[in-house]
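Below is one structure, written out as structure tokens, with a few remarks after it.
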Amino acid sequence: MCSTVHFTSAYFFNFHVKFSKALNSQCLLQDIKQRENAMDRAGVAVETKNWPPFFPIIHHDIANEIPIHAQKLQYSAFASWLGLIACLAWNVFAVLTESIHSEDVVLFLLAVIYAISGCPLSYILWYKPLYCAMRTDSMVTFGQFFIFYSMHVGFCVIAAVAPPIIFKGKSLTGILVAIEVLTEDMFIGVLYLIGFAFFTLESFISIWVLERVYMFFRGHR
Numbered sequence: 038m039c040s041t042v043h044f045t046s047a048y049f050f051n052f053h054v055k056f057s058k059a060l061n062s063q064c065l066l067q068d069i070k071q072r073e074n075a076m077d078r079a080g081v082a083v084e085t086k087n088w089p090p091f092f093p094i095i096h097h098d099i100a101n102e103i104p105i106h107a108q109k110l111q112y113s114a115f116a117s118w119l120g121l122i123a124c125l126a127w128n129v130f131a132v133l134t135e136s137i138h139s140e141d142v143v144l145f146l147l148a149v150i151y152a153i154s155g156c157p158l159s160y161i162l163w164y165k166p167l168y169c170a171m172r173t174d175s176m177v178t179f180g181q182f183f184i185f186y187s188m189h190v191g192f193c194v195i196a197a198v199a200p201p202i203i204f205k206g207k208s209l210t211g212i213l214v215a216i217e218v219l220t221e222d223m224f225i226g227v228l229y230l231i232g233f234a235f236f237t238l239e240s241f242i243s244i245w246v247l248e249r250v251y252m253f254f255r256g257h258r
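Going by the working numbering, 81 is the number at position 44 of the sequence shown; the sequence numbering is gapless.
This is the structure:
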């Protein structure tokens, strides 16, 4: 008899625990849903990370969030941001090769610093502000874009030249360094020339984007 009572008590206790957990989970889901509805009513967008698709780290949805007349320009700016990432990635590879050849690890460390700082900072300082400006037509965010994107253009031009008085030696694959490296090692010199071509193309694209965004901005004022 006692064992039956004990079994019944344990059964109801376990049922109560499971029911309480399910109830709490349901309440939590309802609370989250209510918060999302409240934010929607307040006009606050809930941004979910969706890019890159294989490992989402940022929210990016030009097709659904940017006005149709501004989408082409936003895609162009996006291409220039991806282009910068490609330039810095190739720069790391080329400088790594030269660093191994010349046994100078400082060159490689500088190239890595350019990459790990340039990629996120470019997104935070000028690409995201332009993205927000296109959505909200905010003069402040447009201003932030113009300031930091102009600095981006300047960096690309300097990187394409790579004068040794500004950056240490061969840490950037500019034309001056490429010519010097080419006389020492043909293979590494070609890598530097490709990097020079990347930075040059990025410079022209960025100047074009800056001009188009300025014309877009003036057309809305």
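Cβ atoms here follow ideal geometry from the backbone N, Cα and C, with glycine treated the same way.
What does the Cβ neighbour count give for residue i, buried or exposed, with the cut at 16 atoms within 10 Å?
| i | result |
| --- | --- |
| Tyr112 | exposed |
| Ala123 | exposed |
| Glu135 | buried |
| Ala4 | The question about residue 4 has no answer here: the residues shown for the chain are numbered 38 through 258. |
| Val214 | buried |
| Thr85 | exposed |
| Ile153 | exposed |
| His106 | exposed |
| Val142 | exposed |
| Val177 | exposed |
| Ala116 | exposed |
In the DSSP assignment, find the unbroken alpha helix (DSSP H) run with residue i in it and report its ends.
| i | result |
| --- | --- |
| Ala208 | In the sequence under discussion, the amino acid at residue 208 is Ser, which differs from the Ala named in the question. Premise fails: Ser208 is in no alpha helix (DSSP H) and is neither H nor E. |
| Ala199 | Ala199 -> no alpha helix (DSSP H), and no H or E assigned at all. |
| Ile242 | Met223 to Gly256 |
| Asn128 | Ile105 to Ser139 |
| Leu162 | From DSSP, Leu162 is part of no alpha helix (DSSP H); its letter is neither H nor E. |
Which same chain residues, not among the five before or five after residue i, have their C-beta less than 8 Å away from its C-beta?
| i | result |
| --- | --- |
| Cys193 | Leu121, Cys124, Phe236, Glu239, Ser240 and Ser243 |
| Leu247 | Phe183, Tyr186, Ser187 and Val190 |
| Pro200 | Gly211 and Leu213 |
| Leu144 | Val132, Glu135, Ser136, Lys205, Gly206, Lys207 and Ser208 |
Under a three-way DSSP split, which group does residue i fall into?
| i | result |
| --- | --- |
| Ile99 | helix |
| Glu217 | helix |
I'd like the list of long-range same chain contacts for residue i, defined as Cβ closer than 7 Å, with 5 residues on each side in sequence excluded.
| i | result |
| --- | --- |
| His138 | Asp222 and Ile225 |
| Trp118 | Ser159, Tyr160 and Tyr164 |
| Thr110 | Residue 110 is actually Leu in this sequence, not Thr. Excluding residues within five positions, the ones whose Cβ falls inside 7 Å are Arg249, Val250 and Phe253. |
| Val198 | Gly211, Ile212 and Leu213 |
| Val149 | Val129 |
Please work out which residues of its chain come closer than 6 Å, Cβ to Cβ, to residue i, disregarding the five sequence neighbours upstream and downstream, and give them in chain order.
| i | result |
| --- | --- |
| Phe179 | Ala170 and Phe254 |
| Gly256 | none |
| Ala131 | Thr210, Leu228, Tyr229 and Gly232 |
| His97 | Trp88 |
| Ala114 | Leu167 and Val246 |
Compare the C-beta of residue i against all C-beta atoms of chain B and say whether one is closer than 8 Å.
| i | result |
| --- | --- |
| Phe241 | Judged by its chain identifiers, the structure shown contains no chain B, having just a single protein chain. |
Can you tell me whether residue i sits near the ligand NAD, meaning its C-beta is under 7 Å from at least one heavy atom of the ligand?
| i | result |
| --- | --- |
| Ser139 | For the structure depicted, the ligand NAD is absent and the ligand set is empty, with no information on it obtainable. |
Inter-stretch contact (C-beta, 8 Å, three-pair minimum) for the region 158-171 and the region 181-198: Segments in contact, yes.
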